[in-house]
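Sequential numbering of the sequence shown, starting at 1, is according to the UniProt record's numbering.
Backbone N, C-alpha and C fix where the C-beta goes; we use that ideal spot for every residue, glycine too.
Please read these numbers as outputs of a predicted model, since none were measured by experiment.
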Amino acid sequence: MKRKVLFRIPSMEMGGAQKAMLNIIKCLDRSKYEPIILLDIFKGELLLEIPRNTKIFFLVEGIEKLNCNGIQRFLQCIKNDMILRKYGLFPSLLKKKLTIVPDIEIAMMDSSLKNLVRSPFKSSRKINWFHSDLHFCSQVNGKEIVSMMHKCNLTVFVSHKTKGDFETYLEQYVYNSLCIYNALNIEDIRSKSLESFDLKEWMLFKRPVKTFVSVGRLVHQKGYDILIEAHSELIKEGFNHQIIVIGDGPEYGSLKKEIILQNVENSFLLLGLKENPYPYIAKADYYIQPSRYEGYPLAVAEALILHTPLISTCVGGVLEIIEHNKTGYLIGFSKYELKNAMMKFLLEPDFVMEIVRNQKRKDFTLHNEHIQEQLEYIFK
């Protein structure tokens, strides 16, 4: 009989955890495992990416799908919040909601961990997937997370660096843990990179300047505020180039204001969220990831797969993806280092071409095979 694997995740909005979950599902041997997804809220661009033969349950409907006015939407938000709180207070209600009893339950994000440890399915194997960097979190909150981790059967860290930093920062050892890198859907990434995209945006790549592309949510973690400053200074110093950012998020307004303040509206472009960011990465001259912290940044791995020369801050699991000066260029997080790295790429085309040659030699064949073996091990 197939083992039922229940993935808990807040929504299917574009994000690294969601993409990681989809790649895990695609790695599963369907003769042995039946994947099921439990969403807090039924919403998100990546809903369309869920394989058709995967069951989906959700606790509330996303308000974006409701045909109602502002007041009704506000009231629906309150109602949704009350429903989610109800499931949090009375987890046994989930037994009525689901038509299955899972053998394995996985919390794909920190926000799902509390509900995982309070699951009404007492006999299920409980696994926590940890993607974050806890340096933004207080010691008290961090130790609460460790306590919940120890109530699970296993915690999976997405990189050795993330696990090491987590334990060092909190001065606690997560004894029931191991590292599994995020799976990569290599054929899908390469295939989607060949798709066409908006003609007006395609013309941006025809400008007579080099183009840096970055993909990520517009949040403090991603470091786009500092990238704007570095870009502005380079432009003033005569190093013409443009930066295109694919993504959306709560910092859109503040970043847009900074772009206007720095007078770089024509060269630092926020193109918003794209269901398929891969043609933009493939079309770019360079990829840049200016993050303050990361777990295992899928976008960096995707740029590597697409043979786009890349600059990334050396945070989280980046060093486990990129070999410095060989398959990419790694830097510390600062305006000064971002400036120097971009300047180096603009001035040293031979160095950049050597990175591309090294990227093309990279063999990803064993990457997913090893992950499949690890999944078999933790699910048995």
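Among residues of its own chain, excluding the 5 on either side of residue i, which ones have a beta-carbon nearer than 7 Å to its beta-carbon?
i	result
residue 316	133, 159, 161, 162, 293, 294, 295, 296, 297
residue 143	170, 172
residue 327	304, 355, 358, 359, 362
residue 307	356, 359, 360
residue 32	2, 3
residue 277	215, 246
Would you decide whether residue i is buried or exposed? Buried here means 16 or more other CB atoms lie within 10 Å of its CB.
i	result
residue 77	exposed
residue 165	buried
residue 99	exposed
residue 207	exposed
residue 196	exposed
residue 60	buried
residue 209	exposed
residue 130	buried
residue 275	exposed
residue 309	buried
residue 231	buried
residue 81	exposed
residue 237	exposed
residue 85	exposed
residue 71	exposed
residue 139	exposed
residue 322	buried
residue 313	buried
Over what stretch of residues does the alpha helix (DSSP H) that includes residue i continue unbroken?
i	result
residue 88	70-89
residue 54	Neither: residue 54 is in no alpha helix (DSSP H) and is coded neither H nor E.
residue 103	Careful: residue 103 lies outside any alpha helix (DSSP H) and carries neither H nor E.
residue 226	224-236
residue 125	Note, residue 125: premise wrong, no alpha helix (DSSP H); beta strand (DSSP E) at 125-130.
residue 142	139-149
residue 303	298-305
residue 163	160-170
residue 110	110-117
residue 121	Where residue 121 is concerned, there is no enclosing alpha helix (DSSP H), given that its DSSP letter is neither H nor E.
residue 181	Run containing residue 181: none; DSSP gives neither H nor E here.
residue 372	365-379
Kindly indicate the opening and closing residues of the beta strand (DSSP E) around residue i.
i	result
residue 266	Premise fails: residue 266 is in no beta strand (DSSP E) and is neither H nor E.
residue 176	Per DSSP, residue 176 belongs to no beta strand (DSSP E) and is neither H nor E.
residue 241	241-246
residue 9	3-9
residue 387	Residue numbering for the chain in the displayed model covers 1 to 380; residue 387 lies beyond these limits and cannot be assessed.
residue 155	154-157
residue 313	310-313
Let me check understanding here. Comparing Cα to Cα, which of the options lies closest to residue i?
i	options	result
residue 202	284, 187, 260	284
residue 8	113, 212, 30, 44	113
residue 181	19, 104, 221	19
residue 250	270, 176, 105, 25	270
residue 178	127, 213, 185, 242	127
residue 333	345, 288, 349, 257	288
residue 175	380, 189, 147, 200	147
residue 47	93, 10, 227	10
residue 248	348, 241, 222	222
residue 42	24, 12, 211, 241	12
residue 379	24, 220, 278	24
residue 365	55, 51, 122, 187	187
residue 40	339, 73, 91	91
residue 120	89, 111, 37	89
residue 345	87, 242, 277, 299	242
residue 96	58, 117, 51	58
residue 266	291, 211, 300	211
residue 5	29, 342, 15	29
Could you have a look at residue i and say whether DSSP puts it in helix, strand or coil?
i	result
residue 35	strand
residue 323	coil
residue 28	coil
residue 253	helix
residue 352	helix
residue 332	coil
residue 193	coil
residue 60	strand
residue 99	coil
residue 291	coil
residue 286	strand
residue 317	helix
residue 383	This structure does not reach residue 383, given that the chain is present from 1 up to 380, and the question cannot be answered.
residue 15	coil
residue 271	strand
With a threshold of 8 Å between beta carbons, is residue i in contact with chain D?
i	result
residue 62	No chain D is part of this structure, which consists of one protein chain only.
Please list, in chain order, all residues of the same chain as residue i whose beta carbon is under 8 Å from its beta carbon, the five residues on each side excluded.
i	result
residue 320	159, 160, 161, 181, 296
residue 27	183, 368, 371, 372, 375
residue 204	211, 242, 244, 269
Give me, in chain order, the residues of the same chain whose beta-carbon lies closer than 6 Å to that of residue i; leave out the 5 immediate sequence neighbours on both sides.
i	result
residue 125	104, 153
residue 229	335
residue 56	37
residue 17	108, 109, 131
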